[in-house]
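Here the protein sequences line up with chains A and B, keeping their order. So the number in our numbering is just where the residue sits in the first sequence, counting from 1, plus 79. So the number in our numbering is just where the residue sits in the second sequence, counting from 1, plus 79. In this text, a Cβ means the ideal position worked out from N, Cα and C, and glycines have one as well. Computed from a prediction, not measured in an experiment: that's the story for all the values here.
2 protein chains.
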Amino acid sequence: MAISAIQKPVRLNEIAIETDTKSRILDAAEELFMEHGFEATSLRLITTAAAVNLAAANYHFGSKEELFQAVLTRRLDPMNQDRMQLLTNYETAAGNKALTCEVIISAMFIPALKLARDHEQGGKNFLRLLGRAYADPAPFIREFLSSQYAEMIARYRAAFARALPHLPREEVSWRLHFVMGALSYTLAGTDALKMIAQFHPEEVNNDELLLKRLAPFLAAGLRAPLAQASDAHQWFQET
Amino acid sequence: MAISAIQKPVRLNEIAIETDTKSRILDAAEELFMEHGFEATSLRLITTAAAVNLAAANYHFGSKEELFQAVLTRRLDPMNQDRMQLLTNYETAAGNKALTCEVIISAMFIPALKLARDHEQGGKNFLRLLGRAYADPAPFIREFLSSQYAEMIARYRAAFARALPHLPREEVSWRLHFVMGALSYTLAGTDALKMIAQFHPEEVNNDELLLKRLAPFLAAGLRAPLAQASDAHQWFQET
DNA sequence: GCTAGTTTCAAACGGGTGTTTGAATAAATT
DNA sequence: AATTTATTCAAACACCCGTTTGAAACTAGC
């Protein structure tokens with residue numbers, strides 16, 4: 080085990096620091112993929128950081144692409160399950176009354192916050208990784224994500240459609256798309272972190288602060304009156 | 080010139096199809112970087128598509144990173160100049176009255192639309208490239224972009240602050256951040272293209288359609304009332 | 001027509017990539 | 001205790017990467 084001589088020291092905060100090889104690889108991959116992106120992160124970098132043999136990555140996950148998907152699935156799948164469960168809870172609690180946009184947005188954001196807080200280190204990394212994956216051009220990533228999101232998005236689109244009955248379904252789809260965009264962009268970006276650091280240096284790593292500002296912004300956007308054809312000139316009257 | 084035997088056929092729409100080596104490289108790089116991202120696009124791929132020698136890329140641009148920056152600068156710099164000029168025009172036309180959010184957003188979006196329409200092919204590619212670059216983890220890209228955007232963002236933050244005098248400056252900064260996020264995410268994503276294709280198959284490649292829906296959404300978000308501390312529970316009362 | 005400067009070219013350089021292999025070791029089962 | 005199964009390991013494989021080189025082909029300027 081020559082490589083392990085230059086092994087990066089593992090975190091010592093908790094009692095159980097020695098996990099199995101598979102988890103070690105997943106943890107290291109999560110952090111490195113988040114930091115450098117998929118293409119720029121090599122398996123050698125990952126396995127060295129995880130202090131395991133290079134071949135272990137292919138042995139346990141098959142390929143680099145499958146490893147990336149495993150990293151995403153591990154947390155994304157439970158999070159989206161939570162989102163759908165929470166929405167169901169709210170809907171049954173409300174009986175046959177439509178939910179407000181605020182409540183629906185809460186159902187989207189709370190599981191993300193839970194993730195960011197539960198696994199103190201990994202969770203926050205994961206949200207940034209997720210936001211970046213959503214903007215990655217690699218086809219296998221885009222296809223994987225949209226298949227993972229499909230069911231949840233459909234449920235939320237239906238909920239927003241009920242909350243905004245005056246809007247055409249097409250407009251609801253667009254606005255949900257904008258909501259997802261602002262959310263993933265905000266979670267992925269380093270700019271948001273810089274802004275928190277600038278205004279509230281003591282509250283870095285506080286995603287709650289971030290989402291509490293984003294949520295009202297998005298709710299107002301969702302409730303915007305439908306632009307009339309006659310309003311078009313007011314936006315882009317010239318080129 | 081052995082490589083040029085397998086040269087990809089150049090576009091034949093216009094009279095002038097033979098441009099100089101430098102432009103050929105820039106055009107090919109723009110398209111390929113947009114399609115695969117920075118890391119996944121090799122210089123060999125670019126120079127082959129441009130039907131030039133591999134060494135020409137390093138000869139004319141120095142390095143792959145500098146080539147990428149040149150691709151961005153070529154269109155981003157004029158676009159941001161346009162944005163600032165347009166904002167100035169609106170402001171002088173309005174005298175000492177504050178501009179509305181709608182007008183400010185127009186000043187942001189119109190130069191992007193102009194870009195998408197002017198260079199029929201390249202312009203549209205560039206907007207997607209730009210949106211993706213903004214989410215790229217590579218430090219040199221992030222630093223380059225934030226330096227390119229710094230002046231323009233400052234101008235728009237000031238404009239929005241005047242339009243929304245009741246909001247604290249910090250809140251204005253956040254909301255401008257959300258606006259940039261939704262904009263770049265929407266321009267970068269393939270999902271938006273799919274949605275246009277789904278609802279208006281005849282209007283694919285129509286960015287105007289896209290931005291006309293995004294703009295009212297963002298304007299409403301910008302004008303959202305400031306969330307009070309007492310409202311906090313309504314968003315994230317549980318975890 | 002010759003020279004000086006610019007641009008193109010094929011080839012190579014050193015190094016990093018994902019993946020595979022087959023032996024060695026550890027764990028589990030009989 | 002013996003045997004099967006699962007895992008780890010060092011080494012190699014075949015390939016692609018960004019960059020450099022030095023000669024060849026051009027293009028002005030005089």
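Counting of Cβ neighbours within 10 angstroms places His-256 of chain B among the buried residues, the total reaching 16 or more. Taking a cut-off of 8 Å on C-beta distances, the segment 222–234 of chain A touches the segment 154–171 of chain A, as three or more cross pairs fall below it. Not one beta carbon of chain A lies nearer than 8 Å to the beta carbon of Asp-161 of chain B.
Beta-carbon to beta-carbon, Asp-156 of chain B and Lys-193 of chain B are separated by about 14 Å, too far to satisfy the 8 Å threshold.
Secondary structure of Thr-120 of chain B (DSSP, three-state): coil.
Any Cβ of chain B closer than 8 Å to the Cβ of Pro-295 of chain A would place that residue at the interface, and such an atom is present. A direct Cα-to-Cα measurement between Ala-267 of chain B and Tyr-228 of chain B gives close to 17 Å.
For Ala-129 of chain B against Ile-104 of chain B, the beta-carbon gap comes to about 5 Å, under 8 Å, which counts as contact. Between the alpha carbons of Glu-170 of chain B and Lys-176 of chain B lies a gap of roughly 8 Å. Chain order gives the chain B residues near Glu-118 of chain A as Gly-116, Glu-118, Ala-119, where near means a beta carbon separation below 7 Å. Residue environment analysis places Gly-174 of chain B among the exposed positions, since fewer than 16 neighbouring C-beta atoms fall within 10 angstroms of its C-beta. For Pro-218 of chain A, the uninterrupted alpha helix (DSSP H) segment begins and ends at 218–242. Taking 8 Å as the threshold, the shortest C-beta distance from His-256 of chain A to chain B falls below it.
For Asp-161 of chain B, the enclosing alpha helix (DSSP H) starts and ends at 143–172. For Met-259 of chain B, the closest alpha carbon among the candidates B:Ala-306, B:Leu-224, B:Ala-107, B:Gln-148 is that of B:Leu-224. Contact holds between the segment 206–221 of chain A and the segment 101–121 of chain B, because three or more Cβ pairs, one in each stretch, are under 8 Å apart. By the neighbour-count definition (other C-beta atoms within 10 Å, threshold 16), Tyr-138 of chain B is an exposed residue. In the structure shown, the three-state DSSP call for Val-182 of chain B is helix. Scanning chain B for C-beta atoms nearer than 7 Å to the C-beta of Pro-157 of chain A yields nothing, as the closest lies near 15 Å away.
Setting aside the 5 residues that flank it on each side, Arg-123 of chain B is surrounded in the same chain by Leu-133, each with a C-beta closer than 8 Å to its C-beta; the list follows chain order. The shortest C-alpha to C-alpha distance from Ala-306 of chain B to any of A:Ile-220, A:Lys-291, A:Gly-202 is the one to A:Lys-291.
Think of a sphere of 9 Å around the beta carbon of Met-274 of chain A: the chain B residues whose beta carbon falls inside it are Glu-249, Ser-252, Trp-253, His-256, in chain order. At a cut-off of 8 Å, the C-beta of Asp-99 of chain B has no neighbouring C-beta in chain A. Your pair Gly-202 of chain B and Arg-211 of chain B does not check out as a contact, with CB atoms roughly 15 Å apart and the cut at 8 Å.
Apart from sequence neighbours up to five positions away, the residues of its chain that approach Ala-298 of chain B with a beta-carbon distance below 7 Å are Cys-180, Glu-181, Ile-184, ordered along the chain. In this structure, the beta-carbon distance from Ser-226 of chain B to Tyr-264 of chain A does not fall below 8 Å.
For Ala-261 of chain A, the residues of chain B that pass the 8 Å Cβ criterion are Phe-257, Gly-260, Ala-261, Tyr-264, in the order they occur in the chain.
Neighbours of Arg-302 of chain B across chain A, judged by C-beta separation under 8 Å: Ala-299. When the five nearest sequence neighbours on each side are left out, the beta carbons in the same chain lying within less than 7 Å of the beta carbon of Ala-242 of chain A are those of Ala-177, Leu-178, Thr-179, Cys-180, Ile-183, in order along the chain.
Taking 8 Å as the threshold, the shortest C-beta distance from Phe-239 of chain A to chain B does not fall below it. Under a 10 Å Cβ-count criterion, Gln-277 of chain A is classified as exposed, with fewer than 16 other Cβ atoms of the shown protein chains found around its own Cβ. Between Phe-223 of chain B and chain A, the shortest Cβ-Cβ separation is not below 8 Å.
Of the candidates B:Ser-252, B:Asp-270, B:Ser-142, B:His-245, B:His-245 places its Cα closest to the Cα of Pro-304 of chain B. The beta carbons of Gly-300 of chain A and Arg-248 of chain A sit about 17 Å from each other, so the pair does not count as a contact at 8 Å.
The Cβ atoms of Ala-108 of chain A and Leu-151 of chain A do not sit closer than 8 Å to each other. In this structure, Asn-204 of chain A lies near Glu-110 of chain A, with their beta-carbon atoms less than 8 Å apart.
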